[in-house]
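Asker:
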Amino acid sequence: MEFKDYYQVLGVARDATQDAVKKAYRKLARQYHPDVSKAPDASARMSEVNEAYAVLSDPERRAAYDQLGRGRQAGERFTPPPDWDAGFEFHGRAPGGGAEFGGDFSDFFEQLFGRAGMPRGAARHGRGGAMRGEDHHAKIVLDLEAALRGGVHRVSLRQPQLGPDGHVVLGERTLEVTLPPGVRPGRLVRLAGQGGPGQPPGDLFLEVALHEHPRWRVDGADLVGELPVAPWEAALGGVVPVALPDGSTLQVRVPAGAQAGQRLTLRGRGLPGSPPGDLDLVVRVVLPSGLDPRARALYERMAQALPDFDARKVAAAEAERRGGDER
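Read in UniProt numbering, the sequence shown has 164 at position 164, and its numbers run on one by one without any break.
#1: Please return the same chain residues whose Cβ sits closer than 6 Å to the Cβ of Pro34, not counting the five positions on each side in sequence.
#2: Tell me the rounded alpha-carbon separation between Ala24 and Val55.
#3: In this structure, does DSSP put Lys22 in helix, strand or coil?
#4: Buried or exposed, going by whether 16 or more other CB atoms sit within 10 Å of the CB of Gly151?
#5: Please confirm whether any heavy atom of the ligand FAD lies closer than 6 Å to the CB of Pro231.
#6: Excluding five sequence neighbours on each side, which residues of the same chain lie with their C-beta closer than 6 Å to the C-beta of Val286?
#7: Just mark Val239 as buried or exposed, buried being the case when its beta carbon has 16 or more other beta carbons within 10 Å.
#8: What does a CB cutoff of less than 6 Å around Val282 pick up in its chain, not counting 5 residues either side in sequence?
#9: Straight-line CA distance for Arg26 to Ala20?
#10: Taking Trp84 as the reference, give the member of Arg70, Arg77 and Gly75 with the closest Cα.
#11: Relative to the C-alpha of Met302, which residue among Pro231, Val168, Ser156 and Lys313 is closest?
#12: Phe78 to Gly323, Cα distance in whole Å?
#13: Would you report the Cα separation of Ala192 and Glu207, rounded to the nearest angstrom?
#14: Would you mind reading off the limits of the beta strand (DSSP E) that contains Val208?
#15: Evaluate contact between the stretch 252-269 and the stretch 186-205, counting only Cβ atoms and requiring at least three cross-stretch pairs below 8 Å.
#16: Of the residues Leu306, Gly195 and Gly171, which one's Cα is nearest the Cα of His136?
#17: Measuring alpha carbon to alpha carbon, tell me which of Arg173, Tyr6 and Val224 ends up nearest Glu48.
#18: Taking the alpha helix (DSSP H) that Trp232 belongs to, which residues open and close that run?
#19: Are there 16 or more other CB atoms within 10 angstroms of the CB of Pro181, so buried, or fewer, so exposed?
#20: If we ignore side chains and look at the alpha-carbon of each, how far apart do Phe101 and Ser57 end up?
#21: Would you kindly work out how many angstroms separate the C-alpha atoms of Gly75 and Leu223, rounded to a whole number?
#22: Closer than 6 Å by C-beta to Pro164: which residues in its own chain qualify, once you throw out the five before and the five after it? Chain order, please.
#23: Could you give the first and the last residue of the continuous alpha helix (DSSP H) run that contains Leu68?
#24: Could you tell me which residues DSSP puts in a beta bridge with Leu56?
#25: So which of Arg14, Phe309 and Leu210 has the shortest CA-CA distance to Asp143?
#26: Please report the straight-line C-alpha distance between Val155 and Ala13, rounded to a whole angstrom.
#27: Per DSSP, what are the beta-bridge partners of Asp222 in this structure?
#28: Buried or exposed: Val169, going by 16 or more other Cβ atoms within 10 Å of its Cβ?
#29: Within 10 angstroms of its Cβ, does Leu306 collect 16 or more other Cβ (buried), or is it exposed?
#30: May I have a chain-ordered list of the alpha helix (DSSP H) segments no shorter than 4 residues that lie completely inside the stretch 243-285?
#31: Pick helix, strand or coil for Lys27, following the three-state DSSP scheme.
#32: Name the two residues that bound the continuous alpha helix (DSSP H) containing Gln304.
#33: Below 8 Å on the Cβ atoms is my contact criterion, and I expect Gln159 with Arg149 to pass it. Report the Cβ-Cβ distance as a whole number of Å.
#34: Helix, strand or coil for Arg312? Go by DSSP, reduced to three states.
Okay, here's the thing in structure tokens:
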């Protein structure tokens, strides 16, 4: 999709005050409102203006958008990086959608702020008629090792707010949060009383995400990774060590005749929890280099001893068998 420059849409500078943003919006709204404008593209332009204002009028959305859009040009090909909004503390349980502006906004907006199903956290009445504080939401990104370990973690959150000069400024606060071992992506951790002020204060919901790991990925509660084996370990079978991301080492039995791509599943050895996930290891056969004279001599002997072996035919037969099993 294409990157949208909301400042360009409203015709304001990137350092414009919130009052300047509001004035520009009102001027364009009078110009393009379908009840006033006779231009054939008035409705589309009004939708663009509403969308831009929905972001730039909100200090929280604007701060996150500014970080994301630094150095980008309108119309360039764009894909939001994973967890681009991590570390920002939003009022409500998500950045929110555009429903309050009554618009069908672009895919660009929906990709960034489209979690409209999660409300912006309206204050609620508490005991005795007092106003309960608004709930807040933030995303934190952990290393896989930290998620497996759990325990107390220190997190810093940026709090966009409107400064006295009309510009958006970033405050910051640091919290200590206790996470259960094996906390999973998408888990919401509730910190009671850490949201907006009120009687009682609102809650802060931390959504957990994980940094990409070079060797492992998380699939629900399962831990998935490669199992590199030598050709003789795959052919003859054996027990090989597997270094897990929590620092422990697991001895895994490789069955004789294991093939590249074969999945070995160890029940209950994935992310801890109730119930724990599984550990899925995908076999990868690592061949000794043919540049090594010893390996080359062995490869030549195998070629002479197995002249009728055709790797292409064997692979085609395996693919056909797998297709039959799936049907």
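Positions of the beta carbon are idealized from the N, C-alpha and C atoms, including for glycine. Just so you know, these numbers come straight off a predicted model, no measurement behind them.
Answerer: In short:
#1: Ala42 and Ser43
#2: A direct Cα-to-Cα measurement between Ala24 and Val55 gives close to 14 Å.
#3: helix
#4: exposed
#5: Although the ligand FAD was asked about, the structure shown includes no ligands whatsoever.
#6: For Val286, where only same-chain residues beyond five positions count, the Cβ hits under 6 Å are Pro228.
#7: exposed
#8: Glu226 and Arg263
#9: 10 Å
#10: Among Arg70, Arg77 and Gly75, the Cα nearest to that of Trp84 belongs to Arg70.
#11: Pro231
#12: 37 Å
#13: 14 Å
#14: Leu204 to Leu210
#15: With the cut-off at 8 Å, the stretch 252-269 and the stretch 186-205 do not touch.
#16: Gly195
#17: Tyr6
#18: Pro231 to Leu236
#19: Burial check for Pro181: the Cβ neighbour count within 10 Å stays below 16, so the residue is exposed.
#20: At Phe101 the pLDDT is 47, less than 50, meaning the model places this residue with poor confidence; the figure from the coordinates comes in the next sentence. Take the alpha-carbon of Phe101 and the one of Ser57: they are about 11 Å apart.
#21: 39 Å
#22: none
#23: Counting along the chain, Leu68 sits inside the alpha helix (DSSP H) bounded by residues Pro59 to Gly69.
#24: Answer is none; Leu56 lacks a bridge partner.
#25: Leu210
#26: Spanning the two alpha carbons is a distance of roughly 33 Å.
#27: Asp219
#28: exposed
#29: exposed
#30: none
#31: In the structure shown, Lys27 adopts helical secondary structure according to DSSP, grouped into three states.
#32: Pro293 to Ala305
#33: Their Cβ separation, rounded to whole angstroms, is 28 Å, which puts Gln159 and Arg149 out of contact at 8 Å.
#34: Three-state DSSP puts Arg312 in a helix.
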